Structures are given as structure tokens and as C-alpha cells.
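Notes follow the structure.
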Amino acid sequence: MTTDAPAPAADIRIDALISADPLRWNVENPYGTGVRLTFSFPSAPPAHAGADDLVGWRPFDATEIAVTRAILRDLSLLVGIDFVEVQGTGDLVFANNYNPGVLDGGYAGYAYLPNSTGGASDGDVFMNHNETASIGEGAYAPGGRQLSTLVHEIGHALGLKHPRDYQPREPIENKTDVPPFLPEELDTSANTVMTYVDPALGNQRVDFGPFDILALQFLYGARRVAEGNDVYRFTDADGATFRTIHDNGGIDTIDLSALTSAATMDLRAGALSGIGVSPSGAPNVGNVSIMLDNPRVGLTTLIENVVGTAFGDTLVGNAAANRFTPGAGADRVDGLAGLDVVVANVQRAEVTAARTAAADWTVTLPDGADTLVNVERIVFSDGVLALDIELGTDFSNAGTAYRMYQAAFARTPDAGGLGFWINALDKGLSVRDLAGGFVTSAEFAQTYGAAPTTEALVDGFYRNILGREAEAGGRAFWIGVMDSAPTGRFDALAGISNSAENQERLLPTIGQGIFLPGDVLVA
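Numbered according to full-length UniProt numbering, the sequence shown spans residues 1 to 523.
Here it is in C-alpha cells:
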């Protein structure tokens, strides 16, 4: 009897998709060893073909050949398999047939797993030309069922199994779908092309799903891909598909501007986004994903930028410094972590920005009102509005620089100087070093004296920063801070300028953001 497959990866997303040894091409070597596989498209049946395979045998046509080459090419960019096309008989042989004796002819395709037949049929892939004909034009186009089936069968030819038991009527000794299995909630086309669960909205995969790639990288190793600055453009045609974005370097952009309906785009690894209208006519809710992190091989897909549609989108960032360019409509943008920017291609005077919570803003533009959450900057055609003004949010560089500038020099910051120090904080300057830059400046000496005593400096900070005399307890505390270390004066300036009292004091001035004209502030 068939026994449970082992769980060598100790990751159900992988172990539910890989077959027990020897059903992989590199069985003589450890998991993760790369392989070279040949493939071919014979014009006549190969000598090793079995009787069932020969019924209705036909060669692949030009469209099927081109699609297969593209699938193998794209896969070889991600996993450690070198596919080499040959004449005659390859490790993987592709052809059509139609055998009414197999499942009453009700199959879209099938394939033999590696080392499953004991002969040259291992890795052979057969597509049902009767099924292809019944689908008609577009069977192998993006969103076509035969394209998705071909990717599925190539998965089998490389050693992937179904993620759950779809053969309940077969005797156990004939089953290839053995545990471990994916939990039912994970058995979706969004995760794996190897599923038999029909997508609710009718979308079809055009590539291997994220779980499939994790499994194939476990079997054959991984490769880095798309390490330049890449742009991923989507059109309405993508609404019929499932696809996963893989990108291991560069500053990258997802461009949704060609879509004629609103979209959701979530840049977090493994998150699902909805692009275009599904074959059912309903808006998609999860047909595009960013590839899952694969710490086993040190790969992460990180997309930094998004260009939205002309409708009301929902755009979600990640831990990187994201740049969002929403189109028209009422958009919602959540930058999450990182120093995030929204680009508004209008002048500042055309827009109203109102803070509704510590990190939430409503920005009303000529083409709609957007909700911004965890967004630090808005770039206008004539300058930058800094929203990062309050401590307690992920970023408060602009507010910190403004408060400390005003505290150190007892005046309103000039745009050039303020922009310089905000840029420095954005690049990693510490708050203590920022304070040191002010304390050691000539203007600080002009404001507080060339060599003020500790007591005089604390009193001056209270008057210039908080607009009052120091209370006894606070005065003693900050004198102690100043005298405790050579950088004590830096710490006192930073502490008093960023105190809750001073933040509240300056809210009427900077509470609705800090606008810096021109290119003073880099964003």
C-alpha cells in the first residue's frame, strides 16, 4: 500500500506538493541540486510511447510549442533547472492525444512524474486536443484553461503532486496523491497551479503559483531574478488570470494606469491583490500576488512603487520606502512601515490636506478625495508637503527637524536649512547628531552665548522652546542631563524640543504638515 510521503522541508506549503523519492530528477543528489533537462516536440510518436498514450496522438502545433517554450524559459529564471530543447526524444516530451478510454476522455492533459514509469516515458506530457478544440480560440492565451493545464502538467513532469486527495474513488494502491496535504483553505489557484479546486471567479493561472515555486526551489535550487529597475504593467486582459510577481532587486514599479476599473494592490510578500474584472464579470479580489519570501534560499521579492488607475484604488505598501502615484478617484493609500511618498501631479494650492488621526490624512485633490495612512510626504509639482510631524508614528523626521531648528535658533526655520536637516534625518542621521549640529553652530552661539553655563542654557531652552520659566524639578533634571556626558547638551536640546509640551505648542504651526517649495526636500 502507498504510505504517506515524507515531509523533508518541514513546511506544509512545500511538503504538500512534492512527491516521495524517487519522483524527482535529481534523486541521486541532495534536495536543492540543480539539473539539466532536455525537452522536445516530436513530429511523430516516439518509440517509447505506451498504447494509451498513442490513441489520437498528434504533435504540438506552433502555438503550443511557443507557449511551452515560454513556460520553461520563465521557470528556469526562478529555479535551478536548465531546460535545453533537442530534436528527437528529450527528458520531457510534449504531444497531444485523445483517448476516450482514459476517464471517458474527460481529461485536459496528463503527465508522467520523474522515475515513475521505469522508462523513457518519465516526464512526458500529453494534452487532450479534443479538449483544446472544444475550448476553441484562446485555449492557450492568458486566462485560457489549457494554458493553466499545461503549466499544471509540467509541474507533474518535474515532480510536483496534487496538494490534496482528488481521487477518492481509486484504490489506495493506485493513488499518487498522498499526505501530507494542504489545509483546505490554502488549496487555491492563488497559491498553486497544482490544485483541482476551480477558482470561484473563473480566473486561470498563467504561471506556477507561489507554493509551487517554493516546492520547485526546494527540489532543484533557486535563482535570483529581475535584479534591475523593472516595471510591471497590467491591462484589463490580466483580469482573467492568476499570476505571481518575482523580483529580487532594483527599484521596481507596478503600473496599473492602463486598467479601466479600480484595483487593489498590496505590496507585501504573499499578499493578494485584485486587478481587473474576472471572467465572471465580478471585480477580482485576489488574482495577483507578490512572491512569498523564501528564507531557505535567501530570496525576497520587494516592489517599491505603484502607479494607480483613474478610479478609486486601494494601495498598500510594505516595509520599504514606497512611492505611490494614485490616479483620479477616491483612493486609499496605506504606506505601512518605511518613509512613504504619494505623488500628486498638481500644485499645492489646488489641494487641501487635513489630518484626521496621528497618521491619517484626508487629501482633497481636483479629481477626488484620497485617504492617506502612514504616508510621510506628498510631492506636488511645486514642492513637498511633509506629513511626518508627530512623534509616536513610524517617522517624525520633518517635525523633529522643525522643532529642533526652532528651539536651537529661537526662530522659524528657513526652508533651505529645514530641508537640509530633514534630508539628513531621512538618510539616517540620529536625533542626537542633529542636535549636535545645531549646538555646535555659530548661530546657536549667537542665540545662547559663546560659553553659557549649564544653568543659563537650561533657562534659555525653557524660554525659547516652551515660552516659560523652568519649574524647579524640570530645571534640575535637565541640568543633570547636560552635566552627565559631553553630549549632554545635545540630549537636552533634543529632549526638550521633542517634548509633549513643545509638540502641542507647535501643532497650530505645523499640525497640518510642513510645505517646502521647489526641490528643497528630496522625496
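C-beta atoms are modelled at their ideal positions from N, C-alpha and C, and glycine is treated no differently. Source: prediction; values computed, not measured.
- The bridge partners DSSP lists for Tyr-98 come to none.
- Cβ contact annotation for Gln-347 (same chain, cutoff 7 Å, sequence separation greater than five): Phe-380, Ser-381, Asp-382, in chain order.
- With fewer than 16 other Cβ atoms inside 10 Å of its own Cβ, Val-285 counts as exposed.
- Going by beta carbons, Gly-308 and Gly-338 fall outside the 7 Å limit.
- Ile-213 carries a helical assignment under DSSP once its states are collapsed to helix, strand and coil.
- In the DSSP annotation of this structure, Ile-303 is not part of any beta strand (DSSP E), being labelled neither H nor E.
- DSSP places Trp-25 outside both helix and strand once states are collapsed to three, so it counts as coil.
- The C-alpha of Leu-92 lies about 29 Å from the C-alpha of Asn-248.
- Exposed is the label assigned to Thr-412, since fewer than 16 other Cβ atoms lie within 10 Å of its Cβ.
- Beta-carbon to beta-carbon, Ser-121 and Gln-87 are separated by about 19 Å, too far to satisfy the 8 Å threshold.
- In this structure, Val-351 lies away from Val-375, with their beta-carbon atoms at least 7 Å apart.
- Val-431 sits in a helix when the DSSP states are folded into three classes.
- With contact defined as three or more Cβ pairs closer than 8 Å, the stretch 62-77 and the stretch 18-30 are not in contact.
- Collapsing the DSSP output to three states places Thr-509 in a helix.
- Within the stretch 16-68, the runs of alpha helix (DSSP H) that reach at least 4 residues and sit entirely inside it are, in chain order, 51-54.
- Membership of Ala-442 in the alpha helix (DSSP H) is indicated by the continuous run 442-448.
- Per the Cβ contact rule, the stretch 212-232 is not in contact with the stretch 310-326 (fewer than 3 Cβ pairs under 8 Å).
- Ile-81 and Gly-417 have their C-alpha atoms roughly 55 Å apart.
- Annotation for Arg-243: the continuous beta strand (DSSP E) segment containing it runs 241-245.
- For Ala-354, the uninterrupted beta strand (DSSP E) run begins and ends at 352-355, by DSSP.
- Between the stretch 251-258 and the stretch 104-123 there are fewer than three inter-stretch CB-CB distances shorter than 8 Å, so the stretches are not counted as touching.
- Excluding the 5 residues flanking it on each side, Arg-224 has same chain C-beta neighbours closer than 8 Å at Asn-248, Gly-249, Leu-299, in chain order.
- Looking at the DSSP output, Glu-85 shares a beta bridge with Phe-39.
- About 6 Å separates the beta carbons of Tyr-98 and His-129, which is inside the 8 Å limit, making them a contact pair.
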